[in-house]
């Protein structure tokens with residue numbers, strides 16, 4: 001991305017698109033019961049509360065009534081239907097990692113089969129986006145967790161800690177290409193969740209080869225443990241490699257969330273918050289998803305950056321747009337053209 005001399009002036013920046021991730025699938029409900037929804041009505045109300053606070057993108061997971069992350073697509077269909085009615089302008093983004101969830105007391109966790117994961121393209125009603133990872137990688141969410149982060153929570157249990165410490169994200173080339181094909185065929189926009197520049201380069205090759213043809217919405221995920229860590233040099237190196245025509249959100253975890261989001265707001269990028277990323281405000285003080293959104297809205301106000309409405313967020317994300325081929329996609333995104 002290119003920064004002109006006046007790029008930090010808010011009048012020259014896109015309106016702010018806040019992504020809320022308020023379903024915290026890694027936590028058990030008792031870790032923060034007042035903020036972690038359990039019933040379907042609570043799931044829907046949480047989305048409404050986030051939207052009213054200023055978030056226009058909803059990152060979706062869903063729980064069974066026993067508190068465990070659901071692997072049933074029927075539960076996602078039920079939630080999507082409720083969300084469409086309750087918040088029709090909100091961008092509904094289903095988390096592509098829905099199929100990883102601990103079994104029993106947490107000693108075993110596995111991803112569902114590739115065929116089952118592809119069925120996210122068949123959700124009804126269809127979401128606006130499904131997140132997609134590129135390149136199989138370690139996703140050790142425990143690596144950057146401090147003792148304060150997990151104190152008094154389920155993640156302090158050794159067996160659950162080990163489950164998430166050993167997590168990997170299966171996203172090999174065959175699966176990625178087929179997943180992109182199915183999502184595009186159903187008119188669902190992929191949202192690329194990328195951990196590092198090598199994954200960004202693979203994504204660019206997919207575009208250059210015509211495997212993905214459409215707007216580029218992506219999130220830099222700086223959570224360590226096989227991903228970039230929340231180091232400003234990592235962030236700036238990644239930003240420098242992202243084309244001007246892309247829409248970039250920054251994501252990290254625990255008490256790094258606020259400073260990274262503040263940088264995103266100041267630089268004209270977009271933030272993500274919610275209890276999936278952190279349950280903490282100041283050290284030792286729990287902070288709800290809605291409180292996190294309200295905090296970002298206040299910071300944006302101080303910087304003079306307007307917060308997008310739901311309809312404006314859809315325009316910024318170019319929901320519903322597609323491009324005819326690799327050449328048009330490269331031109332729209334600001335990549336150099338393919339070699340003639």
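In UniProt numbering, the protein residues as written are 1 to 340. We treat Cβ as the ideally placed atom computed from N, Cα and C, and that holds for glycine.
| Query | Result |
| --- | --- |
| Is it a yes or a no for the stretch 296-315 touching the stretch 50-57, going by three-plus beta-carbon pairs under 8 Å? | yes |
| Which value, in whole angstroms, describes the spacing of the CA atoms of residue 76 and residue 276? | 17 Å |
| Taking all protein chains shown into account, decide if residue 146 is buried (16 or more other Cβ within 10 angstroms of its Cβ) or exposed. | exposed |
| With distances taken Cα to Cα, identify the nearest neighbour of residue 123 among 160, 247, 142, 187. | 187 |
| On the DSSP bridge assignment, give the partners of residue 280 in chain order. | 286 |
| In the DSSP assignment, find the beta strand (DSSP E) that holds residue 81 and state where it starts and stops. | Per DSSP, residue 81 belongs to no beta strand (DSSP E); it is in the alpha helix (DSSP H), 73-86. |
| Do the stretch 141-157 and the stretch 320-339 make contact, defined as three or more Cβ pairs closer than 8 Å? | no |
| Among 49, 301, 161, which has the Cα closest to the Cα of residue 349? | Residue 349 falls outside the range modelled here, since the chain spans only 1 to 340, and no answer is possible. |
| Taking the straight line between their C-alpha atoms, what separation do you get for residue 18 and residue 271? | 5 Å |
| Thinking C-beta only, is residue 319 closer than 8 Å to residue 296? | no |
| Flag this pair as yes or no: are the beta carbons of residue 67 and residue 38 separated by less than 8 Å? | yes |
| What does a CB cutoff of less than 8 Å around residue 121 pick up in its chain, not counting 5 residues either side in sequence? | 130, 179, 182, 183, 185, 186, 188 |
| Using three-state DSSP, classify residue 121 as helix, strand or coil. | helix |
| Could you compute how far the alpha carbon of residue 28 sits from the alpha carbon of residue 36? | 8 Å |
| Do three or more CB pairs link the stretch 166-176 to the stretch 125-143 at distances below 8 Å? | yes |
| Closest to residue 253 by C-alpha separation, out of 10, 227, 5, would be which residue? | 227 |
| List in chain order: all unbroken beta strand (DSSP E) runs of 3+ residues lying wholly within the stretch 239-319. | 247-251, 270-273 |
| Taking 8 Å as the limit between beta carbons, can you name the residues of its chain near residue 330, skipping five residues before and five after? | 207, 208, 336, 337, 338 |
| Going by the DSSP bridge assignment, what does residue 192 pair with across the sheet? | 132, 218 |
| Just to confirm the assignment, what range does the alpha helix (DSSP H) spanning residue 211 have? | It is not in any alpha helix (DSSP H) - residue 211 carries neither H nor E in the DSSP assignment. |
| Could you tell me the boundaries of the alpha helix (DSSP H) in which residue 150 lies? | 147-150 |
| Any idea which residues DSSP pairs residue 94 with across the strands? | 60, 130 |
| Are residue 47 and residue 274 close, meaning C-beta to C-beta below 8 Å? | no |
| Taking residue 247 as the reference, give the member of 229, 143, 317 with the closest Cα. | 317 |
| Using a Cβ-Cβ cut-off of 7 Å (strictly less than) and excluding sequence neighbours within five positions of residue 343, which residues of its own chain qualify? | With the chain represented from 1 up to 340, any question about residue 343 goes unanswered, as that position is not in the structure. |
| Assuming residue 177 and residue 211 form a contact by the criterion Cβ under 8 Å, report the distance between their Cβ atoms to the nearest whole angstrom. | 6 Å |
| Can residue 8 and residue 236 be called in contact, C-beta distance under 8 Å? | no |
| Could you spell out the range, first to last residue, of the alpha helix (DSSP H) harbouring residue 89? | Note, residue 89: premise wrong, no alpha helix (DSSP H); not H, not E. |
| Please check the pair residue 230 and residue 260, which I expect to be a contact at CB under 8 Å, by giving their CB distance rounded to whole angstroms. | 5 Å |
| Taking only three categories from DSSP, how would you classify residue 137? | strand |
| Nearest-angstrom Cα distance between residue 11 and residue 86? | 32 Å |
| Thinking just about the alpha-carbon of each residue, which of 84, 224, 220 is nearest to the one in residue 241? | 220 |
| So which of 234, 340, 303, 25 has the shortest CA-CA distance to residue 160? | 25 |
| How close, in whole Å, do the beta carbons of residue 251 and residue 225 come, if the pair is a contact with beta carbons under 8 Å? | In fact, because the Cβ distance is near 14 Å, the residues do not count as touching under 8 Å. |
| Would residue 202 and residue 324 qualify as a contact pair, given that the criterion is a beta-carbon distance under 8 Å? | no |
| Suppose the cutoff is 6 Å on Cβ atoms and the five residues either side in sequence are ignored; what does the same chain contact list for residue 279 look like? | 32, 286 |
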